[in-house]
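Under the working numbering, the first residue of the sequence shown carries the number 120, and numbering increases by one thereafter. Using N, Cα and C, we set each Cβ at its ideal position, and we do this for glycine too.
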Amino acid sequence: MTNTSDKSIQMLAARLARSLAQLAQLGVPEIGTSPHETVFSGPGFRLLRYGSGPERAQSCPVLIVYALVNRPWVLDLEPQRSIIARLMDAGLDVFLVEWTDPDRDDQNTTLADYICDMLDQCVDAACTVRHETTVNLLGVCQGGTFSLCYSALFTHKVRNLITMVTPVDFHTEDNLLSRWVRGVDVERMVSCYGNVPGAFLNALFVALQPFRLGGKKALDLADLADDHDRLQTFARMEHWIADSPDQAGRAFADFLTMLFQRNSLVKGQMVLGGRAVRLDDIRCPILNVYALADHLVPATASRALAQHAGCTDYTELAFDGGHIGIYVSRHAQQQIPPKVAAWLQARQ
120 MTNTSDKSIQ MLAARLARSL AQLAQLGVPE IGTSPHETVF SGPGFRLLRY
170 GSGPERAQSC PVLIVYALVN RPWVLDLEPQ RSIIARLMDA GLDVFLVEWT
220 DPDRDDQNTT LADYICDMLD QCVDAACTVR HETTVNLLGV CQGGTFSLCY
270 SALFTHKVRN LITMVTPVDF HTEDNLLSRW VRGVDVERMV SCYGNVPGAF
320 LNALFVALQP FRLGGKKALD LADLADDHDR LQTFARMEHW IADSPDQAGR
370 AFADFLTMLF QRNSLVKGQM VLGGRAVRLD DIRCPILNVY ALADHLVPAT
420 ASRALAQHAG CTDYTELAFD GGHIGIYVSR HAQQQIPPKV AAWLQARQ
């Protein structure tokens, strides 16, 4: 029995070594390669527009608002796994807010600065490019929470709103990340770091699923030897996961304190720039997309939106997968973008 086990371990180690050697030969792969241009920029952000040609003006537009805590390129990982490319295939004119890395001078940038100033500038710029007065917002994860706040405060500028794996109620029973964060002395952390290191947050996310994001990853990699395409995908995912940007200290503290600790959004107690953020002020149509096996944003945390939004045109779309799978899995590529596009186009 021992000899059999030893032999299995040796075979596994040999396969893993082979995969690692082939992975090293690939180098650092490019991600976020769908053609795009910067149409507007300012301190802390760039506004990108995808595709080219005059036909874009005839397409239904959508402005994607991604999270601060990761790069948005998981939405454009590779040609076969690109939510952005599939949205364009479905006939949308795609814009994206790319948050730029904060430097030392940005540590006092607030959450209100991101939502009420930077995002508002991007909305106005997208409207100018399109010669329109309102936008369709697609908020992803933390960017979905930003989009909810923006839509509540700037109701006259948002035509339709899509939220994807977006936390709304931060105190649901199954929200492990929230339970961890509630006990954190956020002010002390920010006073120590200034801007919070991305590596620190990356370690926190890995700790939520240590086996899946640690040991299981090595086991999965051992099965990829001689499979060039899957190794490329693995390398791109590892590149994206490892490249976590730092967080502007004050905005980070605002988000954790207001939302993770106080759950202010669903309580109607959130204030940004001196203005109350009330979800029942959102009257535009909403499509709420969530993942049933999401370990970061449980479906219950997203579905709470139905109880608080003030709109009458509210739709939910459940995806049978996890927080990352909803961006990159082949099933998600086939299911999510066409339904998002059809929902938007029906409301143009």
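Rounded straight-line distance, which links the Cα of residue j to that of residue i
i    : j    : result
V416 : I401 : 21 Å
N255 : A143 : 42 Å
L378 : R134 : 45 Å
Q426 : T264 : 15 Å
L398 : I405 : 12 Å
S297 : T282 : 19 Å
M356 : A344 : 17 Å
F430 : D346 : In the sequence as presented, Phe is not what sits at residue 430; that position holds Cys. Distance between the alpha carbons of C430 and D346 is about 48 Å.
H250 : S153 : 24 Å
A341 : V158 : 43 Å
V476 : D208 : Nothing can be reported for residue 476: it is not among the residues displayed for the chain, which extend from 120 to 467.
P162 : Q452 : 33 Å
V300 : R223 : 24 Å
Q240 : D232 : 11 Å
N407 : R349 : 31 Å
G317 : P364 : 5 Å
Q129 : E174 : 57 Å
N294 : G172 : 44 Å
H275 : A176 : 22 Å
L436 : S270 : 20 Å
A244 : P457 : 26 Å
F374 : D339 : 35 Å
F438 : V303 : 32 Å
K126 : R307 : 51 Å
C-beta contact flag for residue i and residue j at 8 Å
i    : j    : result
Q388 : R394 : no
G170 : Q464 : no
L167 : F214 : yes
V188 : G258 : no
T219 : R165 : yes
R366 : N314 : Looking at the sequence shown, residue 366 is not Arg but Gln. The answer is yes: Cβ separation under 8 Å.
T253 : V277 : yes
L280 : C403 : yes
I455 : I443 : no
V284 : Y409 : yes
A460 : L267 : no
V385 : D288 : yes
Residues of its chain near residue i, where Cβ-Cβ distance is below 6 Å and the 5 sequence neighbours each way are ignored
i    : result
V447 : L196, R200
V309 : G368, A372
S383 : M377, M389
A186 : C260, Q261, G262
C179 : L211, L463, Q464, Q467
D432 : P404
T434 : L406
Contact belief for residue i with residue j at Cβ below 8 Å, rounded distance in angstroms
i    : j    : result
L424 : A418 : Not a contact, Cβ separation roughly 11 Å.
H450 : G441 : Between G441 and H450 the Cβ distance is about 11 Å, and since that is not below 8 Å, they are no contact.
L391 : L182 : About 19 Å; that fails the 8 Å criterion.
A420 : P221 : About 26 Å; that fails the 8 Å criterion.
E217 : P191 : 6 Å
Proximal residues to residue i (C-beta, below 7 Å), its chain only, five neighbours per side dropped
i    : result
C235 : L272, L391, G392
P148 : Q351, A354, R355, H358
D413 : V284, G441, H442
P198 : A204
Q226 : G313, N314, A367, G368, R369
R137 : A344
G151 : W192, D195
Sequence-distant residues of its chain with Cβ nearer than 8 Å to residue i (five each side left out)
i    : result
A361 : N321
M120 : Note on M120: pLDDT 45, under 50, position unreliable in the model; no value is reported.
F330 : Only weak support is given to the placement of F330: the predicted model assigns it a pLDDT of 45, under 50, and the value that follows is read from those uncertain coordinates. So the list is empty, once near-sequence residues are dropped.
L194 : I183, Y185, S201, I202, I203, L215, V259, Y446
Y312 : F319, G368
T291 : S297, P417, T419, A420, A423
Where in the stretch 195-234 do unbroken runs of the beta strand (DSSP E), each at least 3 residues long, occur, reported from the N-terminal end onward? 195-197, 211-218
Give the list of continuous alpha helix (DSSP H) stretches no shorter than 4 residues that lie fully inside the stretch 284-367. 295-300, 305-312, 317-327, 335-341, 347-361
Every unbroken alpha helix (DSSP H) within the stretch 122-187, with a cutoff of 4 residues, ordered by chain: none
Those runs of the beta strand (DSSP E) which lie wholly inside the stretch 397-447 and span at least 3 residues: 405-410, 433-438
To test your reading of the DSSP string, which unbroken alpha helix (DSSP H) runs of 4 or more residues are found completely within the stretch 248-280? 261-272
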